[in-house]
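J.: Protein chains in written order, with my numbering: chain A, 219 to 513; chain B, 66 to 350.
Every residue gets a Cβ at the ideal spot worked out from N, C-alpha and C, and that includes glycine.
Here it is: the structure, laid out below.
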Amino acid sequence: MTISREKKVAYGVLVGPAVLIYAAVIIFPILFSLAAGFTQWNGLSTPQFVGLDNYVRMFTDPVFRLGLRNNLLIVAVSVFGQIPFGFALAYIIYRRMVRGHAFFETMIFLPITISAIVVAKLWNQIFSPRGLFTELMRIITENDRFVLTIFESRTFAIVPILFVILWMYTGIYMIIFLANLQRIDPGVIEAAIIDGAREHQILLRVVLPQMVNVVFTTAVFAIAGSLKSFDLIFAMTGGGPAHYTEVIAIYMYLNTFKYYNYGFGSAISMMIVFLSLGLITAVQAVFRKLEARYV
Amino acid sequence: MSDLTVGAARNRDVIAWKLFATVFMVFFTFLTLAPLIWLFYSSLKPHPEIVRNVFALPKEFHIRNFTRAWEIGSLGLYTINSVIYTATATLITVFLALGAGYGFAKFGFRISHYLYTFFILGLLVTAHSVLVPLFILETRLGIDDTRLGVILPYVAFGLPFLIYLSTTYIRGIPDSLEEVARIDGASYLKIFWHVIRPISAPAVATMTIFSFVNNWNEFVFVFVLTSKQELRSLPVGVNAFAGGMSRDYGLLFAALVIATVPMILFYMFFHEQLKKGFAAGAIKE
Chain A
219 MTISREKKVA YGVLVGPAVL IYAAVIIFPI LFSLAAGFTQ WNGLSTPQFV
269 GLDNYVRMFT DPVFRLGLRN NLLIVAVSVF GQIPFGFALA YIIYRRMVRG
319 HAFFETMIFL PITISAIVVA KLWNQIFSPR GLFTELMRII TENDRFVLTI
369 FESRTFAIVP ILFVILWMYT GIYMIIFLAN LQRIDPGVIE AAIIDGAREH
419 QILLRVVLPQ MVNVVFTTAV FAIAGSLKSF DLIFAMTGGG PAHYTEVIAI
469 YMYLNTFKYY NYGFGSAISM MIVFLSLGLI TAVQAVFRKL EARYV
Chain B
66 MSDLTVGAAR NRDVIAWKLF ATVFMVFFTF LTLAPLIWLF YSSLKPHPEI
116 VRNVFALPKE FHIRNFTRAW EIGSLGLYTI NSVIYTATAT LITVFLALGA
166 GYGFAKFGFR ISHYLYTFFI LGLLVTAHSV LVPLFILETR LGIDDTRLGV
216 ILPYVAFGLP FLIYLSTTYI RGIPDSLEEV ARIDGASYLK IFWHVIRPIS
266 APAVATMTIF SFVNNWNEFV FVFVLTSKQE LRSLPVGVNA FAGGMSRDYG
316 LLFAALVIAT VPMILFYMFF HEQLKKGFAA GAIKE
């Protein structure tokens, strides 16, 4: 049977525009970045092919390494903070351990609607010398000259940002886990209770094994999302002071749009994609092993 | 152990869990809400009052913060821009994603598989990896510093997830509905509009709301691809306002509240759909 001309035309009309926009705005620029990453170029000059120089330069730059470290910390907080907290909250709601769970669920998910810029400015204000946190600490420590000095520490300046990231995004993971928990056959849990299973046994033996795939999916989300983080940190600290809170996306932004190193900037942006793919592949390998052992 | 002691142990167990759960939940909710509540009531205090005592509730509603922030920060203009960007981009993205979803789910063409995978891979691409070439491309085409130049990347980056949602949903629609319409002699495009689109209404609702929130909060495209003040969106405008000359906390808080209130209202009405959107991304098949 030959496919009718009408069907082909309809397919083109339905799928074509989406493919066209997607190719023009994402696929073509990505390929362009990949190529530009091997050149030295300020956007106006003729690009000079420099091989892997940009990538070498990146890894020898202490600022990039600090950014990479900060990015990996964000990944860690997302995977080992947001996912377990999100799961714990979802489990509490799913097992009806609190009254008024709908209220709690709605409130914890709320920050997702607020722009990262607003969140950044709000928390800056909270941590400022006249902020909520500072004044609270002054009362608790009985030191009325307390100020948050952590932002001036090369090692720990990122910590308040990690906290805000946890504050902002844990609700998403709660919602994802809750949706998946609600797909578990309730009969299985009832049967376990009739058999005399205690709550921790239900959690560890009945529920968690069914969540392995979901933990994997959320881990992929968390990694991809973490490496992209830009808005929040850009609006909170701009990567400062002295690059202490810089992440790779901000490093890319500054090099490209402030110093006009388009070639170098392209290489950095490709690095974000490579890191994303690398980490996700690693996570996938870990989960294959886990699945082989437990499922 | 007799049944009775097992039952008693279980009861004690349940009480301990409930206690822990309640403490954990209340603590987390308090932590989520306290900063927002503080923001809202502080926005009604004049600057000196905020500096004198950060905790105190406003003595009277200092509405002037809002009127002045609105004026000085040109927030009216930025709100209009945000509405234009968000509404246009959401409408286009949902429409294109629904069409593509129908094509991928029901036409049975081999190319669909490759195109679909291509879109799904897009979920990993960060906006930043295309900013440079996109900026150059838009400059060459002369659409940098235009509304079109902002809306195009909004649409492109919205497509992967919405196509995932629409394709999954339309796959679940029974083929028989389409076949009946075919026998009646309806064209594919007619079927799309009169059969697929109405049946997909619940998916369209989720897609629209999800896309709306994302577009409203989008920052980097307007920030990088435009330089004219008249084109700023609310997040970009608020960022500029907060980094500006004014050290008046009352004004700053009012500006932050203005940027937040529309989304909180939106959330009150549509949070169920929004949850569906986020959850759909990670439902195991």
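#1: Quick one: measure Cβ to Cβ for B:Phe200 and B:Leu290, integer angstroms, because I've assumed they're closer than 8 Å.
#2: Candidates B:Val260, B:Ile248, B:Thr233: which alpha carbon is nearest B:Gly342's?
#3: For a quick check, are the C-beta atoms of A:Ala437 and A:Val491 less than 9 Å apart?
#4: Classify B:Lys349 as buried or exposed, calling it buried when 16 or more other Cβ atoms lie within 10 Å of its own Cβ.
#5: What first and last residue would you give for the alpha helix (DSSP H) that runs through A:Ile411?
#6: In chain A, what lies closer than 8 Å to B:Gly141 by C-beta?
#7: In chain A, what lies closer than 9 Å to B:Ile329 by C-beta?
#8: May I ask you to report which of helix, strand or coil DSSP gives A:Gln300?
#9: So with CB distances below 8 Å, who are the chain A contacts of B:Leu188?
#10: Within this structure, are the beta carbons of B:Thr204 and A:Ser487 separated by less than 9 Å?
#11: If you drop the 5 nearest sequence neighbours on each side, which residues of the same chain put their C-beta closer than 7 Å to that of A:Lys446?
#12: Which residue's Cα is closest to the Cα of B:Thr153: B:Ala320, B:Leu242, B:Leu104, B:Arg212?
#13: So, helix, strand or coil for A:Thr257, using DSSP?
#14: Using a Cβ cut-off of 9 Å, pull out every chain B residue sitting near A:Tyr469, in sequence order please.
#15: Are the C-beta atoms of A:Gln343 and some chain B residue less than 9 Å apart?
#16: List the residues of chain A whose Cβ lies closer than 7 Å to the Cβ of B:Ala165, in chain order.
#17: Residues in the same chain with beta-carbon distance under 6 Å from B:Tyr167, minus the five sequence neighbours each way, listed in chain order, please.
#18: Using the rule of at least 16 other Cβ atoms within 10 Å of the residue's Cβ for burial, across every protein chain shown, is B:Met66 buried or exposed?
#19: Closest Cβ-Cβ distance between B:Arg175 and chain A: below 9 Å?
#20: At a cut of 8 Å, does the region 315-325 of chain A reach the region 472-486 of chain A through at least three beta carbon pairs?
#21: What's the C-alpha gap between B:Ser292 and B:Gly237?
#22: Count the other CB atoms, across all protein chains shown, that sit within 10 Å of the CB of B:Pro113; report buried if there are 16 or more and exposed otherwise.
#23: Under DSSP, the alpha helix (DSSP H) around B:Asn279 begins and ends at which residues?
#24: How should B:Glu283 be labelled, buried or exposed, when 16 other C-beta atoms within 10 angstroms of its C-beta is the threshold for buried?
#25: At a cut of 8 Å, does the region 440-454 of chain A reach the region 176-193 of chain B through at least three beta carbon pairs?
#26: Which residue comes first and which comes last in the alpha helix (DSSP H) that contains B:Trp135?
#27: Across which residues does DSSP place A:Gln266 in a beta bridge pair?
#28: Taking B:Gly237 as the query, report the chain A residues whose CB atoms sit under 8 Å from its CB, ordered along the chain.
#29: For A:Leu328, tell me which candidate among B:Ala73, B:Ala246, B:Ile102, B:Leu224 has the shortest Cα-Cα distance.
#30: Taking Cβ-Cβ distances shorter than 9 Å, what residues in chain C pair up with B:Pro263?
#31: If the cut-off is 9 Å on Cβ atoms, which residues from the region 494-508 of chain A count as contacting chain B, listed in chain order?
#32: Considering only their Cβ atoms, is the gap separating A:Ile394 from A:Val430 smaller than 9 Å?
#33: Between the region 114-130 of chain B and chain A, which residues of the former have CB atoms less than 9 Å from a CB of the latter, in chain order?
#34: In chain order, what residues of the same chain lie with their CB nearer than 7 Å to the CB of B:Gln338, ignoring the 5 residues before and after it?
#35: Determine whether the Cβ of A:Val316 lies closer than 9 Å to any Cβ atom of chain B.
#36: Less than 8 Å between the CB atoms is what I'm expecting for B:Leu96 and A:Trp341, so what's the real figure, rounded?
T.: With the structure as the only source:
#1: The C-beta distance from B:Phe200 to B:Leu290 rounds to 6 Å, short enough to meet the 8 Å contact threshold.
#2: B:Thr233
#3: Contact flag unset, no.
#4: At B:Lys349, the pLDDT of 46 sits below 50, so the modelled position is not reliable; the number obtained from the coordinates is stated separately. So B:Lys349 counts as exposed.
#5: 404-412
#6: Within chain A, no residue comes near B:Gly141; the closest Cβ sits about 17 Å away, beyond 8 Å.
#7: Leu328, Thr331, Ile332
#8: helix
#9: Ala442
#10: no
#11: Ala467
#12: B:Arg212
#13: strand
#14: Chain B residues near A:Tyr469: none, gap ~10 Å exceeds 9 Å.
#15: The beta-carbon of A:Gln343 is placed less than 9 Å from the nearest beta-carbon of chain B.
#16: Taking a Cβ-Cβ threshold of 7 Å, the residues of chain A close to B:Ala165 are Leu232, Val233, Ala236, in chain order.
#17: Ile235, Phe257, Ile261
#18: With a pLDDT of only 48 at B:Met66, under the threshold of 50, the placement of this residue in the model should not be trusted; the figure read from the coordinates follows. Exposed is the call here.
#19: no
#20: no
#21: 45 Å
#22: Per the 10 Å Cβ criterion, exposed.
#23: 266-282
#24: buried
#25: yes
#26: 129-137
#27: In DSSP, A:Gln266 forms a bridge with A:Gln258.
#28: Ordered by position in chain A, no residue passes the 8 Å Cβ test against B:Gly237, which lies about 15 Å from the chain.
#29: With distances taken between CA atoms, A:Leu328 lies nearest to B:Ile102 out of B:Ala73, B:Ala246, B:Ile102, B:Leu224.
#30: Given the protein chain composition of this structure (A and B), no chain C is represented.
#31: Ser494, Leu495, Ile498
#32: no
#33: Ile115, Val116, Asn118, Val119, Phe120
#34: Ala270, Thr271, Ile274
#35: The C-beta of A:Val316 comes closer than 9 Å to at least one C-beta of chain B.
#36: About 12 Å separates the two Cβ atoms, so there is no contact after all.
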